[in-house]
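Under my numbering, think of the first position of the sequence shown as 436, with each following residue one higher. See below for the structure under consideration.
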Amino acid sequence: MPFPEQIGSTISSAASRTFNFVVVSNRLPVDRVERGDGGAWQHSPGGLVTALEPVMSSNDGAWVGWPGIADRDFESFESDGAWLVPIRLSEQEVAEYYEGFSNDTLWPLYHDVIAQPSYHREWWESYVEVNRRFAEAAASVAAEKATVWVQDYQLQLVPAMLRELRDDLTIGFFNHIPFPAYGIYSQLPWRRQIVEGLLGADVIGFQRNADAGNFARAVRRILGYSAKGTIIEVPETDDEGRARVRTVIARHFPISIDASGYEKLANDPGVQERARQIRHELGDPKFVMLGVDRLDYTKGIGHRIKAFGELLAEGRLSGEDAILVQVASPSRERVETYRQLRDEIELAVGRINGDYSTIGHQAISYLHHSYPREEMVALFLAADVMLVTALRDGMNLVAKEYVASRVDEDGVLVLSEFAGAADELKSALLINPHDIDGLKDAIMTAVRMPKRDRAMRMRALRRRVIEHDVARWSNTFLEVLGRTQPADAPAVATTDE
Ligand code: GDG
436 MPFPEQIGST ISSAASRTFN FVVVSNRLPV DRVERGDGGA WQHSPGGLVT
486 ALEPVMSSND GAWVGWPGIA DRDFESFESD GAWLVPIRLS EQEVAEYYEG
536 FSNDTLWPLY HDVIAQPSYH REWWESYVEV NRRFAEAAAS VAAEKATVWV
586 QDYQLQLVPA MLRELRDDLT IGFFNHIPFP AYGIYSQLPW RRQIVEGLLG
636 ADVIGFQRNA DAGNFARAVR RILGYSAKGT IIEVPETDDE GRARVRTVIA
686 RHFPISIDAS GYEKLANDPG VQERARQIRH ELGDPKFVML GVDRLDYTKG
736 IGHRIKAFGE LLAEGRLSGE DAILVQVASP SRERVETYRQ LRDEIELAVG
786 RINGDYSTIG HQAISYLHHS YPREEMVALF LAADVMLVTA LRDGMNLVAK
836 EYVASRVDED GVLVLSEFAG AADELKSALL INPHDIDGLK DAIMTAVRMP
886 KRDRAMRMRA LRRRVIEHDV ARWSNTFLEV LGRTQPADAP AVATTDE
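Right, dumping it as structure tokens:
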């Protein structure tokens, strides 16, 4: 997908363009990459980008976000039917707002304090300042009565800031990660400000019903507002100082994937051949198990490796028959907790490989890389058992990608009940990753499962993922948001399902 260098002429003439639909997320759908011969824009293929691109192109929308490089100003520009508005972040803001408050305060707190969150007042101040910058940029590109959809935990103050600037807008917010129970959330020194920030939205979306419930409870406990079912009543005063109530909807909208895109790749003869080749390169073992995760402490990679190692130690699996392929894509490498995690995982992999690998056969094939999507689908097709053992996860798209890729209706998904996907993928083998014995038993059930049972479970899983794909997710969210718009506001077009 080509992305233009800055196109001077179109930029100046379009500098004051406004849009009926605006997405705001921490990252733009493209990254700026600097090379010896100058810079270029590269597509950043995250789940969020694939989820929102179809809506953007049906709507001639704008996308506000950071281009992934510090201390650089870029003009807005058009790319693939969307108007991209790059936000500048300084090196210090990347350290404080992004790596600090977003990834070392909110991320561990919202994932049930699996790692200890750090609370620093300077990080909070940077978070407020950067959120304001995003809100101002969104306000400047939004047309009269436009719809603005703010994404994720890095930008929780944007809805209220935006409403303050532009009360004509319809504002949606979607939280991609869990929202914790009040006992945990209440640790946050800025718990009131965050809840107030979110309540600036008309619709607040969460992955699971439980997340929406946790949020409603936080609203009741901190602000004392009425929150019944999915409706929260926010008391306000109008321009004449009269009391009124604004209604905010908080409910779950489980995110999904472009299921037909994955099916298409899985049906590609080249990808299928690559899957066979992968198994061959692994030494044609009887059982291939697979884990695919960002190298993150929420994903339970260590628990999975421990379970696999014990099965080898006990001889329930033989090193000759079984292999665990673990793709651990590099993530947040400047945050100390992530560096420690990498050391721990690599130590564990090294020990097991030292004990159980032979010259011609590895026990664990550990890959600290990112791969193109075709290769991921080939890996999914090559894997007899997919291990998703997250300790806490908003949804977990990998589980859905595995299912969508198994057009052959084979393969077994072992899925943590602490991943949002467990609410939908009930025909997976559901496990508690903290219960290592239970996890080991589930792995053995998976490798021994008769083909007929595998097919039955996989068919049920596939029905769910194919019917509830990402187009349905964004359409449902935008329909609910659309119902809160004033009658004369421009409607947002949904996409084909
Ligand atoms: C957050 C929430 C929620 C990973 N390695 C490679 C690669 N990936 C892709 C996967 C998948 C995506 O990255 C990861 O999505 P997940 O959902 O598994 O996890 P998070 O990154 O933590 O995402 C999560 C999600 O937001 C969406 O709301 O589900 O709970 O934490 O698409 O396939 N893709 C390629 N090469 C890799 O090496 N091509």
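Ideal Cβ positions, reconstructed from N, Cα and C, are used throughout, including at glycine. Since this is a predicted model, take the numbers as computed values, not measurements.
What does the alpha-carbon distance come out to for the pair residue i and residue j?
{"i": "Val-723", "j": "Glu-836", "result": "17 Å"}
{"i": "Ser-938", "j": "Ile-736", "result": "Absent from the model: residue 938. The displayed extent of the chain is 436 to 932, so no value can be given."}
{"i": "Ala-922", "j": "Trp-584", "result": "19 Å"}
{"i": "Met-596", "j": "Ser-800", "result": "47 Å"}
{"i": "Ser-493", "j": "Ser-537", "result": "31 Å"}
{"i": "Ile-442", "j": "Val-520", "result": "Any answer about Ile-442 is weak, because its pLDDT of 35 lies below 50 and its placement is not dependable; what the coordinates show is given next. Rounded to whole angstroms, Ile-442 to Val-520 spans 14 Å at the Cα level."}
{"i": "Gly-917", "j": "Val-849", "result": "37 Å"}
{"i": "Val-915", "j": "Asp-872", "result": "43 Å"}
{"i": "Arg-827", "j": "Leu-874", "result": "16 Å"}
{"i": "Glu-810", "j": "Arg-598", "result": "44 Å"}
{"i": "Trp-518", "j": "Val-833", "result": "29 Å"}
{"i": "Gln-707", "j": "Leu-816", "result": "7 Å"}
{"i": "Asp-603", "j": "Leu-487", "result": "23 Å"}
{"i": "Thr-453", "j": "Glu-513", "result": "13 Å"}
{"i": "Arg-556", "j": "Gln-628", "result": "13 Å"}
{"i": "Gly-607", "j": "Tyr-554", "result": "28 Å"}
{"i": "Ala-818", "j": "Gln-920", "result": "46 Å"}
Could you name the residues of the same chain whose beta carbon sits closer than 6 Å to that of residue i, not counting the 5 residues immediately before and after it, in chain order?
{"i": "Thr-582", "result": "Phe-456, Thr-605 and Val-927"}
{"i": "Arg-841", "result": "Met-893"}
{"i": "Gly-718", "result": "His-796"}
{"i": "Leu-600", "result": "Ala-574"}
{"i": "Pro-925", "result": "Asn-455"}
{"i": "Val-784", "result": "Ile-799 and Tyr-801"}
{"i": "Gly-744", "result": "Ile-787"}
I'd like to confirm something about residue i: is its beta-carbon nearer than 7 Å to some heavy atom of the ligand GDG, or not?
{"i": "Gly-471", "result": "no"}
{"i": "Ile-684", "result": "no"}
{"i": "Pro-720", "result": "no"}
{"i": "Asp-731", "result": "yes"}
{"i": "Val-585", "result": "no"}
{"i": "Asn-831", "result": "yes"}
{"i": "Ile-736", "result": "no"}
{"i": "Pro-807", "result": "yes"}
{"i": "Met-811", "result": "yes"}
{"i": "Ser-514", "result": "no"}
{"i": "His-803", "result": "no"}
{"i": "Val-762", "result": "yes"}
{"i": "Ile-690", "result": "yes"}
{"i": "Glu-836", "result": "yes"}
{"i": "Gly-640", "result": "no"}
{"i": "Ile-549", "result": "no"}
{"i": "Asp-482", "result": "Checking the displayed sequence, the identity of residue 482 turns out to be Gly instead of Asp. It does: the Cβ of Gly-482 is within 7 Å (strictly closer) of some heavy atom of the ligand GDG."}
{"i": "His-869", "result": "no"}
{"i": "Ile-612", "result": "yes"}
{"i": "Val-727", "result": "yes"}
{"i": "Asp-828", "result": "yes"}
{"i": "Gly-635", "result": "no"}
For residue i, which residues from the same chain have a beta carbon less than 7 Å from its beta carbon, with the 5 sequence-adjacent residues on both sides left out?
{"i": "Phe-569", "result": "Val-459, Val-499, Ile-522, Leu-590 and Val-593"}
{"i": "Arg-668", "result": "A quick correction: the sequence has Glu, not Arg, at residue 668. Correct list, in chain order: Tyr-660, Ser-661, Val-680 and Thr-682."}
{"i": "Asn-788", "result": "Gln-797, Ala-798 and Ile-799"}
{"i": "Ala-678", "result": "Pro-670 and Thr-672"}
Need the endpoints of the beta strand (DSSP E) that residue i sits in, please.
{"i": "His-687", "result": "678 to 687"}
{"i": "Glu-513", "result": "512 to 514"}
{"i": "Val-459", "result": "454 to 462"}
{"i": "Glu-469", "result": "465 to 470"}
{"i": "Val-499", "result": "497 to 501"}
{"i": "Tyr-801", "result": "799 to 802"}
{"i": "Leu-826", "result": "First-last for Leu-826: undefined, no H or E at that position."}
{"i": "Leu-422", "result": "Not covered by the structure: residue 422. The range shown for the chain is 436 to 932."}
Between which two residues does the alpha helix (DSSP H) harbouring residue i extend?
{"i": "Asp-778", "result": "771 to 791"}
{"i": "Leu-822", "result": "Note, Leu-822: premise wrong, no alpha helix (DSSP H); beta strand (DSSP E) at 820 to 823."}
{"i": "Phe-743", "result": "736 to 748"}
{"i": "Thr-672", "result": "Where Thr-672 is concerned, there is no enclosing alpha helix (DSSP H), although the beta strand (DSSP E) it sits in stretches over 666 to 672."}
{"i": "Tyr-532", "result": "Per DSSP, Tyr-532 belongs to no alpha helix (DSSP H) and is neither H nor E."}
{"i": "Thr-485", "result": "482 to 494"}
{"i": "Val-812", "result": "808 to 817"}
{"i": "Val-563", "result": "556 to 576"}
Return no unless some Cβ of chain D is closer than 8 Å to the Cβ of residue i.
{"i": "Ile-667", "result": "In summary, chain D is missing from the structure at hand, where a single protein chain is found."}
Once you ignore the five residues that flank residue i on each side, which residues in its own chain have a CB closer than 8 Å to its CB?
{"i": "Glu-526", "result": "Ala-505 and Asp-506"}
{"i": "Pro-868", "result": "Gly-735, His-738, Arg-739, Thr-824, Ala-825, Leu-826, Ser-851, Phe-853 and Leu-874"}
Problem set entry | Entirely enclosed alpha helix (DSSP H) segments - the region 865 to 897, minimum 4 residues | Secondary structure in the region 865 to 897: the alpha helix (DSSP H) runs of 4 residues or longer, each lying completely within the stretch, are 871 to 883 in chain order.
Exercise. Curious, which full-length beta strand (DSSP E) runs of at least 3 residues does the region 588 to 658 contain?
Worked result: 605 to 609 and 638 to 641
Problem set entry | 4 or more residues per run - each alpha helix (DSSP H) lying fully within the region 895 to 932 | 905 to 917
Exercise. Where in the region 693 to 736 do unbroken runs of the beta strand (DSSP E), each at least 3 residues long, occur, reported from the N-terminal end onward?
Worked result: 722 to 729
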